[in-house]
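J.: Got a structure here, written out as structure tokens. Questions coming.
Residue numbers (UniProt numbering): 1 to 208.
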């Protein structure tokens, strides 16, 4: 089930009015979608942040606009103040509940890899998966069990079990997690280029 969020219509776009909206605890926003006329609104800052924290970024929100219209939306994009880090503007996308859409879903690694217990180093190159699904069937997150990973082993997108509710659209060969061999005494994770051959890295060090 989606959750509700109140929105006020916004017709004055002057800088002074926008600042006043933010001072009053609201965030300027735009509501748009396929074949939908964009609407400018504002939503309460605390309520929006609470909704995203509790329900996740891909939650279906029933946005109740003050003229009586209610639309199902998802949080599409947001802008933050580069100094304060506060959210200063959001974009809501009107969703068609019967139509598939592409979204980013958080990837969670479960378990303790046996390779890490043996001294290996776990790396996670990918933190989100691109998913295609109908809005109601978008998973909150996707968990991948890494407990059987030994040193030198890796898991790619192709290793994730197929779901009948959503489709993964990342490249199947994209690495999700890998357990690397332990570092040597003279190397650190910061200065090693894992894409280069160890012999070449060593040779460069000797020349320097």
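C-beta: ideal position from N, C-alpha, C; glycine also.
#1: Please classify residue 20: is it buried, with 16 or more other beta-carbons within 10 angstroms of its beta-carbon, or exposed?
#2: On the DSSP bridge list, what partners appear for residue 77?
#3: Could you spell out where the beta strand (DSSP E) holding residue 64 opens and where it closes?
#4: For residue 146 versus residue 110, is the C-beta distance shorter than 8 Å?
#5: Taking only the alpha-carbon atoms, compute the straight-line gap between residue 82 and residue 50 and give it to the nearest angstrom.
#6: Which residue's Cα is closest to the Cα of residue 139: 66, 102, 84, 118?
#7: Do you know offhand how far residue 167's Cα is from residue 23's?
#8: Flag this pair as yes or no: are the beta carbons of residue 66 and residue 7 separated by less than 8 Å?
#9: Which whole-angstrom value describes the C-beta separation of residue 136 and residue 60, a residue pair presumed to lie in contact below a C-beta threshold of 8 Å?
#10: Is it true that the CB of residue 177 sits closer than 8 Å to the CB of residue 224?
#11: For residue 46, which three-state DSSP category applies?
#12: What's the C-alpha gap between residue 77 and residue 91?
#13: Pick out whichever of 122, 107, 72 has its Cα sitting closest to the Cα of residue 98.
T.: So, from the data block:
#1: exposed
#2: 91
#3: 61 to 65
#4: yes
#5: 21 Å
#6: 102
#7: 42 Å
#8: yes
#9: 7 Å
#10: The chain is shown only over 1 to 208; residue 224 falls outside these bounds and no answer can be derived.
#11: helix
#12: 5 Å
#13: 72
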